[in-house]
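Below is one structure, written out as structure tokens, with a few remarks after it.
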Amino acid sequence: MLTVTTIAGVRARREEVGRTGVRIAFVPTMGALHDGHLALVRRGREIADEVWASVFVNPAQFAPGEDFARYPRDLEGDREMLAAAGASVLFAPATKEIFPRPPATVIDLPALTGGLCGAQRPGHFRGVALVVAKLLNIVQPHVAVFGAKDWQQGAVIRRMVADLDMPVRIEVHPTVREDDGLARSSRNAYLDVDQRRAAVVLHRALQRGAGAAAAGERRGAALEALLADEVSGEPLARLEYAAAVDPDTLQPLENVRGRLLLALAVRVGATRLIDNLLVEVS
Ligand code: AMP
-18 MLTVTTIAGV RARREEVGRT GVRIAFVPTM GALHDGHLAL VRRGREIADE
32 VWASVFVNPA QFAPGEDFAR YPRDLEGDRE MLAAAGASVL FAPATKEIFP
82 RPPATVIDLP ALTGGLCGAQ RPGHFRGVAL VVAKLLNIVQ PHVAVFGAKD
132 WQQGAVIRRM VADLDMPVRI EVHPTVREDD GLARSSRNAY LDVDQRRAAV
182 VLHRALQRGA GAAAAGERRG AALEALLADE VSGEPLARLE YAAAVDPDTL
232 QPLENVRGRL LLALAVRVGA TRLIDNLLVE VS
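Take the sequence shown: its position 23, counted from the start at 1, is 4 in our numbering, and no numbers get skipped.
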């Protein structure tokens, strides 16, 4: 696996590889890799000839006071995991390489970012959209693979790519979970033993919501209340939001018909965890 730290280096490699007709799948990450990220790499290998990954902790998507400075970083470990998973190129730029000056460009999708995480992290998705647009322009992959765990992020990126006619296909891969159902996340490393046990409440709440929907509950507000109730039963957890929304528009659903996204953000101690579940009701 080749490690590249400059945009010029990626472009040079891209041009070389492009001449051979090789198809590239791209997996952008913030590092501290776990099996969720590696599942995206493995998926990339199924749908393309080479997988290129990036590790970049994007300052533009953290608000002041969030965990940018202490976000887990382990580039050497990430390198080994990506190489073992079969990635061909790792792009690991320094902050200055991606943001040599404060960007004057804003990519904003207010229709998709007014609710859920966007409501609680103002500016977060502008930071995500900008860095993903930059990375897609730098790498120019045929397909980019994202995880369903960050559902709102996937929706924002899909729409940005469509609106801006970016020549890339976006694929969303299902969430990878621990044995007890907790979604794999770099932020799980912040949890102590008791918090780790408590964190399963997100999955339990989503399952309870899905069960109620399967049993005929069609009122979005009632499903949201069920999720909130389950979270309130866990003393170490504090609910940020519980939502039952349309999976594409992310708008609240008064009455569920067809597809439904149940989504949660919960604080366990100081750690903010998110999870979601796509539910199909007949
Ligand atoms: P991050 O490093 O957290 O920015 O995540 C990089 C990519 O990995 C994003 O597309 C995430 O949605 C995806 N991802 C993170 N955790 C998981 C997981 N548990 N299962 C599947 N994809 C994930």
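Just so you know, even glycine gets a beta-carbon here, dropped at the ideal spot from N, CA and C.
Suppose you measure from the CA of residue i to the CA of residue j; what does that come to, to the nearest Å?
i	j	result
Leu234	Ala92	15 Å
Thr(-13)	Thr230	36 Å
Ala246	Val120	32 Å
Ala75	Leu56	12 Å
Val260	Val182	18 Å
Glu31	Leu(-17)	12 Å
Lys130	His154	9 Å
Leu241	Glu(-3)	44 Å
Ala73	Ala202	43 Å
Asp161	Ala20	18 Å
Asp173	Gly104	29 Å
Asp89	Leu97	15 Å
Arg34	Asp175	Here the sequence assigns Ala to residue 34, which means Arg is not the residue at that position. The alpha-carbon atoms of Ala34 and Asp175 are separated by roughly 33 Å.
His184	Arg0	46 Å
Ile28	Gly214	42 Å
Asn257	Glu47	22 Å
Would you say the beta carbon of residue i comes nearer than 7 Å to a heavy atom of ligand 1?
i	result
Lys115	no
Thr252	no
Phe127	yes
Leu157	Reading off the sequence shown, one finds Val at residue 157, where the question assumed Leu. True, at least one ligand heavy atom lies under 7 Å from that Cβ.
Gly192	no
His154	yes
Gly17	yes
Lys130	yes
Arg177	no
Ser69	no
Arg26	no
Thr10	yes
Ser35	no
Starting from residue i, trace the alpha helix (DSSP H) both ways and give me its first and last residue.
i	result
Ser213	201 to 213
Ile119	105 to 120
Glu(-3)	-12 to -1
Ala20	16 to 28
Within the same chain, show all residues whose beta-carbon is closer than 6 Å to that of residue i, passing over the 5 residues directly before and after it, in chain order.
i	result
Gly190	Leu204, Leu207, Leu208, Leu243
Glu152	Val124, Val126
Val36	Thr10, Gly12, Asp59, Ala73
Arg168	Thr252
Val212	Val182, Ala186, Ala218, Leu220, Val247
Among the residues of its own chain, which have a CB less than 7 Å from the CB of residue i, if the five just before and after it don't count?
i	result
Arg165	His15, Asp16, Gly17, Val157, Arg158, Glu159
Val87	Arg107
Val113	Pro9, Ile138
Asn39	Met11, Gly108, Val112
Asp210	none
The beta strand (DSSP E) with residue i in it runs from where to where?
i	result
Val181	Segment: none, Val181 is in no beta strand (DSSP E) and carries neither H nor E.
Arg248	239 to 249
Pro233	Per DSSP, Pro233 belongs to no beta strand (DSSP E) and is neither H nor E.
Leu217	Premise fails: Leu217 is in no beta strand (DSSP E) and is neither H nor E.
Pro228	Here Pro228 belongs to no beta strand (DSSP E), and DSSP marks it neither H nor E.
Asp256	252 to 262
Ala6	5 to 10
Ala125	124 to 128
At least one CB of chain D closer than 8 Å to the CB of residue i: is that the case?
i	result
Thr(-13)	Of the protein chains in this structure there is only one, and it is not chain D.
Whose C-beta lies closer than 8 Å to the C-beta of residue i among residues of the same chain, with five residues either side of it excluded?
i	result
Gln232	Gly96, Val226
Glu61	none
Ala110	Ile88, Asp89, Leu90, Val137, Ile138, Met141
Checklist line | Sequence ranges, beta strand (DSSP E) only - wholly within the stretch 131 to 156, length at least 3 | finding: 150 to 154
Notebook entry, point to check: Taking only runs of the alpha helix (DSSP H) that begin and end inside the stretch 35 to 96, which ones reach a length of at least 4 residues, in chain order?
Noted result: 56 to 66, 76 to 79, 91 to 94
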